[in-house]
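Below is one structure; the comments refer to it alone.
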Amino acid sequence: MADRGEELRGGVMQVTEALGPIAEATDRFVATVRALTDEQIGAATLVPPWTRGHVITHVARAGDSLCRLLTWARTGVETPQYPSMAARAAEIEAGAARPVAELVDDVTAGAARFEEAVRALPAEAWRAEVRMRTGELRTPATLVPTRLRELEVHHADLAAGYTFADVPPSAARWIIDDLIAAQRRRDGIAPLRIEATDTGLAHELGTGGPVVTGTQAALLAWLTGRSPGAELTASGADTLPAAPYWI
3 MADRGEELRG GVMQVTEALG PIAEATDRFV ATVRALTDEQ IGAATLVPPW
53 TRGHVITHVA RAGDSLCRLL TWARTGVETP QYPSMAARAA EIEAGAARPV
103 AELVDDVTAG AARFEEAVRA LPAEAWRAEV RMRTGELRTP ATLVPTRLRE
153 LEVHHADLAA GYTFADVPPS AARWIIDDLI AAQRRRDGIA PLRIEATDTG
203 LAHELGTGGP VVTGTQAALL AWLTGRSPGA ELTASGADTL PAAPYWI
């Protein structure tokens with residue numbers, strides 16, 4: 003049986019390997035942003051009232067917020083993800099109207115800072131629990147991959163040609179797995195089962211709830227509140243239930 007040190011080293015390797023998919027998602031996101039004109043930055047998104055500039059700035063600042071949590075894990079000094087929700091909103095608003103070139107530089111520089119913060123974590127820091135802005139406790143092992151969620155969901159939010167159907171199946175599955183795991187840690191979640199018709203993904207929250215089926219991409223869009231679920235079907239209920247609060 004592997005000792006605790008070997009298990010930890012294996013976990014670190016798995017998470018640092020996740021930096022590859024995160025870098026690829028960043029490249030796709032940046033390519034979409036770079037193709038926009040300065041005038042298109044003010045267009046509507048899937049998360050009104052945010053414009054594309056708001057979403058892009060949020061992606062950059064969210065990466066920095068994860069760096070703060072990784073600093074907490076590394077140093078043991080409590081470092082909140084954001085100073086306050088008001089400060090978070092102000093940062094996003096302040097950066098929303100910037101030209102494309104500045105937005106691209108912001109996202110790419112933030113991506114480099116994030117990767118550096120992950121690689122700088124000593125072995126013992128991977129066991130440290132830090133608290134996300136939602137109140138959820140995570141170790142770096144489950145915190146780092148949330149960057150993939152930010153990139154893929156907000157890429158679709160830009161409404162600039164990249165849709166939930168374009169999210170790589172492995173990334174979409176991880177995001178759904180993580181969302182469902184978070185729901186299971188909460189109280190008062192209505193019973194529900196989801197089944198992907200194209201990938202075999204299946205999850206159950208409680209027992210006896212309706213069964214919602216559709217493609218993995220359609221389920222992801224619904225679970226993240228980006229779609230009313232018109233492409234989904236529900237059995238065991240007269241209508242499609244509301245998606246559980248996702249974050």
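So the sequence shown is numbered by this note's numbering: it starts at 3 and just counts up by one. Here a beta-carbon is modelled for each residue, glycine too, at the ideal position from N, C-alpha and C.
* Asked: When the distance is taken between beta carbons, is VAL61 closer than 8 Å to PRO142?
  -> no
* Return yes when the Cβ of PRO246 is within less than 8 Å of the Cβ of GLN185, no when it is not. => yes
* If you scan the segment 9-85 from start to end, which runs of the alpha helix (DSSP H) of 4 or more residues do you find wholly inside it? -> 21-36 and 54-77
* Counting along the chain, where does the beta strand (DSSP E) carrying THR215 start and finish? -> 213-216
* May I ask you to verify whether the segment 164-176 touches the segment 107-118, counting CB pairs closer than 8 Å and requiring at least 3? => no
* Asked: Would LEU48 be called buried (16 or more neighbouring beta carbons within 10 Å of its own) or exposed?
  -> buried
* Asked: How many Å lie between ILE178 and ALA20 at the Cα?
  -> 16 Å
* Taking TRP224 as the reference, which of VAL155, ALA99, ALA75 and ALA27 has the closest Cα? -> VAL155
* Asked: What do you get for THR241, buried or exposed, if any count of 16 or more other CB atoms within 10 angstroms of its CB means buried?
  -> exposed
* Asked: Going by C-alpha distance, which of ILE249, ARG188, LEU221 and ILE182 is nearest THR199?
  -> LEU221
* Option in GLU93, THR110 and VAL213 with minimal Cα separation from GLU26 -> THR110
* To do: Tell me whether the beta-carbon of ALA232 lies closer than 8 Å to the beta-carbon of ALA46.
  => no
* **Rounded C-alpha distance that separates GLU93 from THR77** => 25 Å
* **Among HIS56, LEU145, HIS157 and ALA236, the one whose alpha carbon lies nearest that of LEU181** => LEU145
* Taking THR235 as part of the beta strand (DSSP E), name the residues at either end of that continuous run. => 235-237
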